[in-house]
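Trainee:
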Amino acid sequence: MNALISSTRAELLRLRKWPAVWVMVGVWLVLNVTFGYVFTYITYATGDATAVGEGVPPAQLLADMMPAAVPESLIAGMPMFGGAIMLILGGLAVGSGYGWGAWKTVFMQGPGRLSSFGGTLVALGVIVAGAVVATFAVDLGVSVLIASVESQTIVWPTLSGSAEAIGAGLLIFGMWTAAGVLVGTLARSPALAVGLGLVWALVVENLLRGVGGLLGPVEAVTDLMPGTAAGSLAGALGGTAQSGRDGTPGVLTVLDAAPAAWLIAAYVIAFAVAALALVSRRDVI
Amino acid sequence: MTNTIVVTDMLTKRYGDRLAVDEVSLTVRRGEVYGFLGPNGAGKTTTLRMLLGLVRPTSGSARVLGHHPGHPQAVAGVGALVEGPGFYPYLSGRDNLRVMARYRGLGGTEVETALGRLDLRERGGDSFKSYSLGMKQRLGVAAALLGDPELLVLDEPTNGLDPAGMADMRRLIVDLAMQGQTVLLSSHMLSEVQEICDRVGVISAGRLLTESTVAELRGATSVIVRATPADVALATAMGVAGDDAVRLLDDGGLQLDVDPTRTPALTRALVEAGVAVHEIRHSERSLEEVFFAMTSGSDPASMTEEVLR
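Same order as they appear, the protein sequences are chains D and P. Position 71 of the first sequence, counted from 1, bears residue number 71 in the working numbering, the numbering being contiguous throughout. Position 78 of the second sequence, counted from 1, bears residue number 78 in the working numbering, the numbering being contiguous throughout.
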């Protein structure tokens, strides 16, 4: 246990001081605010028919931007680009160490490979949790700002709704980060890991879902894929309701909330265990 | 057993068809500087990686500090720099050491001590990627010194250092050895090993050719004599050293396998026999000569280049 704590402290130090981590979390927050609030607000304020709010009544647009709707907007962007960014985070955090030879130095320090790499996983978990909570805080701040500007009464999101959304956010981000860690471990290179990971998350899964709509056996598989699970969880918790139709990229309605959440949790564990098993057995060259 | 820090038994590593390390059995004793000597690609680094638990042997076994390589207690007792320094480029030298110190459960004092020992304190705040090759190498050694490990494994520690840096590194290793630190040092620089090592293991093409002290490896000192007339000189020399101890050299000189303390007696005998002595001196084989003789099966041309570099 001590070894895991030492390793986590070490990993938190090196990740905290890595500009790339802050860039990724920052990009996610900016994208989240841009797609969740800025475009919606412009549409609402100007009455223009942009892609975000086409055909949606202004009252609905405004309601989507209010504090009460923060849980929905928190997870709406996570399955698609949020997940992609977390996959990059996981892939870089693990893959880069191989290119730099830093894993070799780390594994020579003593805590044992499982503890050392476990420390990386825990540290990434802390960053993911921080990113989710920061997103919630930013969304809440922006929505309160909009409510004040538009002279609306501030209705806070329910505690249970907020907790559910944060929990779902942790699961979705955690799964994609763990997926990044696994491809980073497999590829032992950040570029290959991130490239392949993104092709899978953004292209292959969508293509397979397209094929699955035509072929039953393929659909049975695509219904259980990581992206489907993440999109379904977001959809089940109201992610799709944001624009009043099935339009938010990556948000799906394939699975119900509970099965989707269990499936995601299973993926988190499977990805982490597979990465740990690889790291502990493989030669470090 | 307590005096043996590292022992390997028929340690072997095979990568596909290539035998990188072939049945290497070596022993490193407590408190000595052990030189692991061989040309590039001989299997030095692979052997060290196996001792550090980074690479699994294909067959054979090893014990490091009484444990299997890679056992947390073995790893914790060893500080190592293998195949160049591996650090986070965006972190400063100091932060890199702080990260490694945290892994070891150590604090900031040890980091400052290690930085100071390698003369890096002044540049400790600069990012690792801005360091020169020599500074990176020194940071690698500083990381290896964290926590005063029982065994220090240094893989070509003078790589990339300028002559002054090399001299500093050697001095550091000698200093450490004087304090009783056990050091396992790999090198392709014979002069380096000759200067600072107590014992050496010579490896070539994956096989450990020999393992002994530097003095044993170089053999006994002999005495070279150049004198005329040659026949009288030969007869006199044989009279002093014994018939079997005298060899005629290609250039007409004589090589006597006698203790150097016999030189005055030999000189007196030659002069009394009426021989004109042109030259009489002690001769000791350099480690380099021994090495070439031993590895002549491998490619000597590329070796020379490496050694002279």
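Backbone N, C-alpha and C fix where the C-beta goes; we use that ideal spot for every residue, glycine too. The model shown is predicted, which means the values in this text are computed figures rather than measured ones.
Got a sec? Which residues, its chain only, sit under 8 Å from T228/P by beta carbon, not counting five neighbours each side?
Mentor: Locating residue 228/P in the second sequence gives position 228, where the first residue counts as 1. These residues qualify, in order along the chain: V275, A276, H278.
Trainee: Can you give me the C-alpha to C-alpha distance between N286/D and A265/D, rounded to a whole angstrom?
Mentor: Residue 286/D lies beyond the stretch modelled for chain D, which goes from 1 to 285, so this question has no answer here.
Trainee: Is the CB of G101/D under 8 Å away from at least one CB in chain P?
Mentor: Counting from 1 along the first sequence, the entry for residue 101/D is found at position 101. Closer than 8 Å to some Cβ of chain P, the Cβ of G101/D qualifies, so yes.
Trainee: For the segment 63-146 of chain D, list the alpha helix (DSSP H) runs that are entirely contained and at least 4 residues long, ordered along the chain.
Mentor: For the segment 63-146 of chain D, whole alpha helix (DSSP H) runs of length 4 or above, ordered along the chain, are 70-76, 83-100, 102-107.
Trainee: What did DSSP end up calling S191/P once you bin it into helix, strand or coil?
Mentor: Against the second sequence, residue 191/P aligns to sequence position 191. Note: S191/P maps to helix in three-state DSSP.
Trainee: So for D299/P, helix, strand or coil by DSSP?
Mentor: The residue labelled residue 299/P in the question sits at position 299 within the second sequence. Residue placement at D299/P is poorly supported in this model, since its pLDDT is 45, which falls under 50; the coordinates still yield a value, given next. D299/P: coil per DSSP, three-state reduction.
Trainee: For a contact defined as C-beta to C-beta under 8 Å, what are the partners of A143/P on chain D?
Mentor: Along the second sequence, read from residue 1 onward, the residue named residue 143/P stands at position 143. Within 8 Å Cβ-Cβ: T105.
Trainee: Using a Cβ-Cβ cut-off of 8 Å, state whether M80/D counts as contacting chain P.
Mentor: Stepping through the first sequence from its first residue, residue 80/D is reached at position 80. No - not a single Cβ of chain P is within 8 Å of the one on M80/D.
Trainee: Taking the alpha-carbon positions, what's the L89/D to G95/D distance?
Mentor: Position 89 of the first sequence, counted from the start, is the residue given in the question as residue 89/D. Position 95 of the first sequence, counted from the start, is the residue given in the question as residue 95/D. Computed Cα separation, rounded: 10 Å.
Trainee: Below 6 Å CB to CB, which residues in the same chain sit around L263/D once its five sequence neighbours on both sides are set aside?
Mentor: Indexing the first sequence from 1 puts residue 263/D at position 263. Answer for L263/D: A229, listed in chain order.
Trainee: Would you check if there are 3 or more beta carbon pairs closer than 8 Å linking the segment 124-140 of chain D to the segment 14-25 of chain D?
Mentor: Touching, yes.
Trainee: Mind checking whether I196/P and V33/P have CB atoms under 8 Å apart?
Mentor: Here residue 196/P corresponds to residue number 196 of the second sequence, with the count starting at 1. Here residue 33/P corresponds to residue number 33 of the second sequence, with the count starting at 1. Against a cut-off of 8 Å, the Cβ pair of V33/P and I196/P comes out as a contact.
Trainee: Tell me whether S280/D sits in a helix, a strand or coil according to DSSP, three-state version.
Mentor: Walking along the first sequence from the start, residue 280/D turns up at place 280. Correct three-state label for S280/D: helix.
Trainee: Tell me, which residues are paired with E211/P by DSSP?
Mentor: Residue mapping note: residue 211/P aligns to position 211 of the second sequence, counting from 1. G201/P.
Trainee: Starting from N2/D, find everything on chain P with Cβ-Cβ shorter than 8 Å and list it in chain order.
Mentor: Taking the first residue of the first sequence as position 1, residue 2/D is located at position 2. Near N2/D (Cβ distances below 8 Å), the residues of chain P are G105.
Trainee: If the cut is a Cβ gap below 7 Å, which residues of chain D does Y88/P touch?
Mentor: Mapped onto the second sequence, residue 88/P falls at position 88. Per Cβ cutoff of 7 Å: R14, W100, A102.
Trainee: Going along chain B in order, which residues have a C-beta closer than 8 Å to the C-beta of V284/D?
Mentor: Checking the listed chains, one finds no chain B in this structure; the protein chains it contains are D and P.
Trainee: Using a cut-off of 8 Å between C-beta atoms, extract the partners of P289/D located in chain P.
Mentor: Residue 289/D lies beyond the range of chain D shown here (1 to 285); nothing can be said about it.
Trainee: Starting from I5/P, follow the beta strand (DSSP E) in both directions and report where the run begins and ends.
Mentor: Looking up residue 5/P in the second sequence gives position 5. Per DSSP, I5/P belongs to the beta strand (DSSP E) from 4-15.
Trainee: Please give me, in chain order, every unbroken run of the alpha helix (DSSP H) with length at least 4 that falls completely inside the segment 25-95 of chain P.
Mentor: Segments of the alpha helix (DSSP H) lying fully in the segment 25-95 of chain P: 44-51, 72-76.
Trainee: Using the three-state DSSP reduction, which class does D126/P fall into: helix, strand or coil?
Mentor: Translated into the one-based positions of the second sequence, residue 126/P becomes position 126. D126/P falls in the coil class under three-state DSSP.
Trainee: Where does T158/D fall in DSSP's three states?
Mentor: What you label residue 158/D is simply residue 158 of the first sequence in a count that begins at 1. Looking at T158/D - three-state DSSP - the assignment turns out to be coil, as it is neither helix nor strand.
Trainee: When the cut-off is 8 Å and only beta carbons count, does R82/P lie next to chain D?
Mentor: The residue given as residue 82/P occupies position 82 in the second sequence. Reading the sequence as shown, one finds Val at residue 82/P and not Arg. Yes, V82/P lies at the interface with chain D (some Cβ there is under 8 Å from its Cβ).
Trainee: In angstroms, rounded to a whole number, what distance separates the CA positions of A260/D and S232/D?
Mentor: As a working note, residue 260/D is residue 260 in the first sequence. As a working note, residue 232/D is residue 232 in the first sequence. If I take the Cα positions, the gap works out to 6 Å.
Trainee: So with Cβ pairs under 8 Å, would you call G110/D a contact of chain P?
Mentor: If you number the first sequence from 1, residue 110/D lands on position 110. Judged by the 8 Å Cβ criterion, G110/D is in contact with chain P.
Trainee: Taking only beta-carbon positions, decide if P72/P is within less than 8 Å of chain D.
Mentor: Along the second sequence, read from residue 1 onward, the residue named residue 72/P stands at position 72. Chain D, which has a Cβ nearer than 8 Å to the Cβ of P72/P, makes this yes.
Trainee: Relative to the alpha-carbon of L171/D, which residue among S151/D, A129/D, L202/D, G195/D has its alpha-carbon at the smallest distance?
Mentor: Your numbering for residue 171/D matches position 171 in the first sequence. Checking every option, the nearest Cα to that of L171/D belongs to A129/D.
Trainee: Hey, does M178/P have any beta-carbon neighbour from chain D nearer than 8 Å?
Mentor: For the purposes of this step, residue 178/P is identified with residue 178 of the second sequence, where counting begins at 1. With 8 Å as the cut-off, M178/P does not count as an interface residue toward chain D.
Trainee: Give the DSSP-derived three-state secondary structure of T316/P in the structure shown.
Mentor: Residue numbering for chain P in the displayed model covers 1 to 309; residue 316/P lies beyond these limits and cannot be assessed.
Trainee: Listing by chain order, which chain D residues have their CB less than 8 Å from the CB of M10/P?
Mentor: For the purposes of this step, residue 10/P is taken as residue 10 along the second sequence, with counting starting at 1. The premise fails here: M10/P is roughly 19 Å from chain D at the closest Cβ pair, so nothing lies under 8 Å.
Trainee: Flag this pair as touching only if the segment 58-78 of chain P and the segment 76-93 of chain D have three or more C-beta atom pairs under 8 Å; answer yes or no.
Mentor: Contact fails: fewer than three Cβ-Cβ distances are below 8 Å.
Trainee: With 16 other CB atoms within 10 Å as the buried threshold, where does R281/P fall?
Mentor: The residue given as residue 281/P occupies position 281 in the second sequence. R281/P comes out exposed.
Trainee: Output yes if chain P places a C-beta closer than 8 Å to the C-beta of S288/D; else output no.
Mentor: Lying before the first or after the last residue shown, residue 288/D is absent from chain D, which here runs from 1 to 285.
Trainee: Out of G41/P, L256/P, M166/P, point me to the one whose CA is closest to A20/P's CA.
Mentor: The residue given as residue 20/P occupies position 20 in the second sequence. Nearest C-alpha to A20/P: G41/P.
Trainee: So within the segment 228-252 of chain P, which uninterrupted alpha helix (DSSP H) runs reach at least 4 residues, ignoring any that extend past its ends?
Mentor: Correct list: 230-241.
Trainee: Run through the DSSP bridge pairs and tell me what Q255/P is partnered with.
Mentor: Taking the second sequence and counting its residues from 1, one reaches residue 255/P at position 255. Looking at the DSSP assignment, Q255/P forms a beta bridge with I224/P, R247/P.
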